[in-house]
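To keep things clear, I will list the structure first and then write my remarks on it.
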Amino acid sequence: MGAPMQTELKRMQTFRVAGLAVRTKNSDEFDPTKAQIPNLWNAVFTTKALEKIPNQPVSKAVYAVYSHYESDASGEYDLTVGALIDEPSSEFRYVDICPGDYLVFQARGELPAALIQTWGKIWAYFVQRPELVRSFQTDFEHYVGAQAVDVYIGITSNT
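If you want it as structure tokens, here you go:
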């Protein structure tokens, strides 16, 4: 069955990401006729949107933020692909990462295949561990290399 999924618990402070966004749901993303995420990424790269986002700090890190969840993993959510910003701009959608505890999962390998596979493992991870509760406030992907993404999943404390 393979090695158990490695995770790391991190406490995050709030930060802001601005970029391009869509509202979608996972069932639509599995249907090529309804999927919006590939088109969102295509728009980010073809328009060079990340280069046009004002008020970025020196870091040129790319983030994909899942927010405004309708309910849980089966409901609608917003996905914003963008960069860290200090101050919002009217040109781009922005989202604030909720402060709190996040489990960090690593996706390594050719993208997007490695990331899609990691998300499948994340969903299974939480099914197998009902004591861990996803917060469904903000989750995010931090692109740390050409074939490396850290996926942060917000969790609630049961204490």
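Numbering (UniProt numbering), first residue to last: 1 to 159.
C-beta atoms are modelled at their ideal positions from N, C-alpha and C, and glycine is treated no differently.
Fair warning: this is a prediction, and the values are worked out from it, not measured in the lab.
* Spatial neighbours of Asn-26 within its chain, please: CB distance less than 7 Å, with the 5 preceding and 5 following residues excluded, ordered by chain position. => Taking the sequence shown and counting its residues from 1, the one referred to as residue 26 is at position 26. Same-chain partners within the cutoff: Ala-73, Ser-74.
* **Separation of Tyr-63 from Thr-138, as counted between CA atoms** => The residue labelled residue 138 in the question sits at position 138 within the sequence shown. The residue labelled residue 63 in the question sits at position 63 within the sequence shown. Taking the straight line from one Cα to the other gives about 12 Å.
* Secondary structure, alpha helix (DSSP H): runs of 4+ residues fully inside the stretch 13-91 -> 26-29, 37-46, 49-52
* Rounded C-alpha distance that separates Arg-134 from Val-127 -> Start at 1 with the first residue of the sequence shown, and residue 134 comes out as number 134. Start at 1 with the first residue of the sequence shown, and residue 127 comes out as number 127. So the two alpha carbons sit approximately 11 Å from each other.
* **Distance, Trp-123 Cα to Val-104 Cα** => Along the sequence shown, one-based indexing puts residue 104 at 104. Along the sequence shown, one-based indexing puts residue 123 at 123. Val-104 and Trp-123: Cα-Cα distance of roughly 13 Å.
* Check whether the Cβ atoms of Ala-83 and Leu-50 lie closer than 8 Å to each other. => Sequence index remark: in the sequence shown, residue 83 carries index 83 (1-based). Sequence index remark: in the sequence shown, residue 50 carries index 50 (1-based). Contact flag set, yes.
* Pair within 8 Å by beta-carbon distance, Ile-97 and Val-65 -> By 1-based counting over the sequence shown, the position of residue 97 is 97. By 1-based counting over the sequence shown, the position of residue 65 is 65. A contact, by the Cβ cut-off of 8 Å.
* Span of the beta strand (DSSP E) around Gln-137 -> Taking the sequence shown and counting its residues from 1, the one referred to as residue 137 is at position 137. Here the beta strand (DSSP E) through Gln-137 covers 133-145.
* To do: Assign Leu-111 to one of three DSSP states: helix, strand, or coil.
  => Along the sequence shown, one-based indexing puts residue 111 at 111. DSSP places Leu-111 in coil when its eight states are reduced to three.
* Along the beta strand (DSSP E) that carries Ile-153, what are the first and last residues, could you check? => As a working mapping, residue 153 is identified with position 153 in the sequence shown. Run containing Ile-153: 148-156, per the beta strand (DSSP E) assignment.
* CA-to-CA distance, Val-151 to Gly-145, given in whole angstroms -> In the sequence shown, the residue the question calls residue 145 occupies position 145. In the sequence shown, the residue the question calls residue 151 occupies position 151. The alpha-carbon atoms of Gly-145 and Val-151 are separated by roughly 13 Å.
* To do: Identify every residue that forms a DSSP beta bridge with Gln-106.
  => What you label residue 106 is simply residue 106 of the sequence shown in a count that begins at 1. Bridge pairing for Gln-106: Asp-150 [DSSP].
* Asked: Buried or exposed: where does Leu-9 fall if 16 or more other Cβ atoms within 10 Å of its Cβ makes it buried?
  -> As a working note, residue 9 is residue 9 in the sequence shown. Leu-9 comes out exposed.
* In whole angstroms, what separates the C-alpha of Phe-140 from that of Lys-34? -> Locating residue 140 in the sequence shown gives position 140, counting from the first residue. Locating residue 34 in the sequence shown gives position 34, counting from the first residue. Approximately 22 Å, taken between the alpha carbons.
* To do: Within its chain, find whatever has a CB closer than 6 Å to the CB of Ser-67; leave out the 5 residues flanking it on each side and keep chain order.
  => The residue labelled residue 67 in the question sits at position 67 within the sequence shown. Cβ within range, chain order: Asp-78, Val-95, Thr-138.
* To do: Can you tell me the Cβ-Cβ gap for Val-17 and Gln-36, rounded? I've got them flagged as a contact below 8 Å.
  => By 1-based counting over the sequence shown, the position of residue 17 is 17. By 1-based counting over the sequence shown, the position of residue 36 is 36. Actually they are not in contact, since the Cβ atoms of Val-17 and Gln-36 sit about 18 Å apart, beyond 8 Å.
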